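Participant: I am attaching a structure below and will ask some questions about it afterwards.
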Ligand code: HEM
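In this note's numbering, the protein residues as written are 1 to 484.
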């Protein structure tokens with residue numbers, strides 16, 4: 001029976017990734033702790049030759065990886081109608097309502113509705129409005145580094161940038177000051193880090209769910225970690241305070257407005273109505289999606305600049321030209337081309353979200369093939385592999401920000417660079433993440449020179465499910481700049 005299932009792709013003329021085992025399919029490869037998932041996907045990607053697709057089996061469920069920029073654009077943009085959804089889990093335990101309501105999980109018209117309410121929070125006008133708030137946190141980070149250097153010779157990147165992004169997102173999403181940077185730790189920080197930890201019991205539960213989804217649902221197994229309830233309580237408390245008090249114009253206010261429109265029958269504006277559980281879910285999602293990804297990206301940029309001193313100096317020069325008394329305006333920061341190029345190139349080399357997926361909503365013929373995907377088929381897009389493919393990037397392992405400066409930038413083949421995904425369901429927080437990263441890197445570079453700790457100049461990586469991280473102990477030496 002299992003052998004028959006593992007023939008699904010061969011019968012359709014699609015090459016299959018090597019190493020499928022009866023019953024398990026390729027699952028043992030995906031969950032192997034020895035081998036990060038992006039490297040496994042890359043090994044398969046590179047073995048494909050001219051084929052643009054490759055079949056996998058998650059247990060016995062066939063999934064398809066697409067390995068071609070034109071197909072990537074077809075799925076994510078042109079034929080989006082067929083691929084509105086990501087993989088849908090639909091947990092049945094009441095405890096999992098928050099997980100089911102998160103934008104990343106929502107499907108069809110419900111996803112469109114929530115996204116339409118949240119999108120206005122991320123316009124460039126809104127970003128400009130939040131700039132002073134983020135700047136305060138970047139200044140607090142400089143103070144933190146200054147204090148740390150009194151007793152330490154180097155700064156741990158993940159910790160320092162994790163504290164910063166958590167403060168920023170908590171402040172901008174729902175006006176919460178966590179004081180992480182002042183105290184060097186916070187309950188928020190511990191709780192959010194726990195969510196990213198994968199205990200063996202959790203892994204077993206997830207594997208059980210993937211093997212027996214229907215049985216898991218009948219058993220009403222819950223997948224929500226206790227820390228999520230901590231955040232739920234904090235957010236509900238904040239909402240109560242908001243109901244009694246003034247507005248801040250942050251993400252939470254926008255969502256509450258949408259809920260209030262629903263309860264006001266005289267309202268003429270047609271906003272998608274959000275339930276309380278949806279508002280709580282999106283607030284928690286912003287913390288989860290905005291904390292780790294951005295902190296890791298900033299850490300990667302810092303480390304690459306420490307490894308490549310000439311790029312660091314060139315970038316500092318650009319920043320000095322636009323800084324007035326140590327301050328850079330929103331407009332000037334967003335227009336700083338070399339800063340943008342350094343971050344873009346870092347995200348090419350280290351796309352923290354190294355893989356994304358879509359789920360088919362109706363039968364779809366994969367362009368250029370005879371493969372017809374049925375409803376609910378899952379398609380995987382190997383972001384890391386596209387970013388490291390020598391067919392699209394010369395000398396792909398070299399850090400070369402110039403690729404993202406004109407005129408080179410115009411030569412980048414579309415569909416080969418997607419650190420924030422592509423199309424209508426791309427990363428909603430992209431502008432926010434870039435502003436946050438640019439601002440803090442600019443501040444640091446104007447005040448400190450970053451160099452590698454002697455003997456520790458190679459970048460080591462770690463993995464949490466779905467995300468690439470720098471290893472926990474990645475550190476740099478920060479030397480205060482003497483004014484020239
Ligand atoms: C450097 C930082 C970040 C990176 C590299 C990143 C990357 C991504 C990627 C690759 C996706 C999937 C896109 C797709 O499937 O096409 C995604 C989705 C998402 N991201 Fe980000 N992200 C970052 C920061 C943020 C921030 C700061 C927030 C929130 C404030 C955020 C919120 C989200 C949400 C809510 C989704 C799901 C969107 C949807 O399903 O409609 N991300 N992100």
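Note that beta-carbon positions come from the ideal geometry of N, C-alpha and C, so glycine has one too.
Predicted model, so just to flag it, every value in this text is computed and none were measured.
1) Taking one C-beta from the segment 128-141 and one from the segment 196-211 each time, how about it: are there three or more such pairs within less than 8 Å?
2) Per DSSP, which one or two residues make a beta bridge with residue 456?
3) Based on the DSSP secondary-structure assignment, which residues constitute the bridge partners of residue 55?
4) Taking only the alpha-carbon atoms, compute the straight-line gap between residue 54 and residue 32 and give it to the nearest angstrom.
5) Bridge partners for residue 468 per DSSP, in chain order?
6) What are the partner residues of residue 43, as DSSP defines its beta bridges?
7) Please report how far the alpha carbon of residue 309 lies from the alpha carbon of residue 334, in whole angstroms.
8) Answer with buried or exposed for residue 370, where buried requires no fewer than 16 other C-beta atoms within 10 angstroms of its C-beta.
9) If you check the beta carbons only, do residue 291 and residue 169 fall under 8 Å apart?
10) What does the alpha-carbon distance come out to for the pair residue 26 and residue 380?
11) Cβ-heavy atom distance between residue 104 and the ligand HEM below 7 Å?
12) Within the continuous beta strand (DSSP E) that includes residue 379, where are the two ends?
13) Using the rule of at least 16 other Cβ atoms within 10 Å of the residue's Cβ for burial, across every protein chain shown, is residue 191 buried or exposed?
14) Taking 7 Å as the cut-off, is the CB of residue 115 close to at least one heavy atom of the ligand HEM?
15) Just curious, the alpha helix (DSSP H) that residue 277 is in, first and last residue?
16) In chain order, what residues of the same chain have a beta carbon less than 8 Å from the beta carbon of residue 385, not counting five sequence neighbours either side?
17) Between residue 279 and the rest of its own chain, which residues show a CB-CB distance below 6 Å, the 5 nearest in sequence each way excluded?
18) Within the chosen definition, does the segment 157-177 reach the segment 221-240 through at least 3 CB pairs nearer than 8 Å?
19) At a cut-off of 7 Å, would you count residue 378 as near the ligand HEM, judging by its Cβ distance to the nearest heavy atom?
20) Just to confirm, does residue 404 get its C-beta within under 7 Å of one of the non-hydrogen atoms of the ligand HEM?
21) Would you list the residues sitting across from residue 85 in a DSSP beta bridge?
22) So is residue 449 buried or exposed if we call it buried at 16+ other beta carbons inside 10 Å?
23) Can you name the start and end residues of the beta strand (DSSP E) that residue 69 belongs to?
24) Can you give the Cα-Cα distance for residue 524 and residue 431, rounded to whole angstroms?
25) Tell me whether the beta-carbon of residue 399 lies closer than 8 Å to the beta-carbon of residue 298.
26) So, with DSSP's three-state summary, where would you put residue 249?
27) Is any non-hydrogen atom of the ligand HEM found closer than 7 Å to the C-beta of residue 479, if you look at the structure I gave you?
28) Are the CB atoms of residue 155 and residue 461 within a distance shorter than 8 Å?
29) Could you check the C-alpha separation between residue 315 and residue 338 for me, to the nearest Å?
30) Just verifying my parser: in three-state terms, what is the DSSP assignment at residue 338?
Facilitator: Reading from the atomic positions:
1) no
2) 453
3) Residue 55 pairs with 16 and 64.
4) 20 Å
5) 463
6) Answer is none; residue 43 lacks a bridge partner.
7) Rounded to whole angstroms, residue 309 and residue 334 show a C-alpha spacing of 23 Å.
8) When all chains shown are included, residue 370 counts as exposed.
9) Yes, the Cβ-Cβ distance between residue 291 and residue 169 is below 8 Å.
10) 14 Å
11) yes
12) 378-381
13) For residue 191, the number of other beta carbons within 10 angstroms of its own is at least 16, and it is reported as buried.
14) Yes - the ligand HEM has a heavy atom lying nearer than 7 Å to the Cβ of residue 115.
15) 276-307
16) Answer for residue 385: 38, 41, 42, 45, 46 and 67, listed in chain order.
17) Closer than 6 Å at Cβ, skipping near neighbours: 255.
18) Because the criterion of three Cβ pairs below 8 Å is met, the segment 157-177 and the segment 221-240 touch.
19) Answer for residue 378: no, Cβ out of range of the ligand HEM.
20) no
21) 359
22) If you draw a 10 Å sphere on the C-beta of residue 449, you find 16 or more other C-beta atoms in it, and that means buried.
23) Segment 69-73 is the alpha helix (DSSP H) holding residue 69; no beta strand (DSSP E) there.
24) Summary: the structure shown does not reach residue 524, with the chain confined to residues 1 through 484, and so no result is reported for it.
25) no
26) The answer is coil: DSSP assigns residue 249 none of H, G, I, E or B.
27) At a cut-off of 7 Å, the beta-carbon of residue 479 does not count as near the ligand HEM: no heavy atom of the ligand is closer than that.
28) Against a cut-off of 8 Å, the Cβ pair of residue 155 and residue 461 comes out as no contact.
29) 6 Å
30) helix
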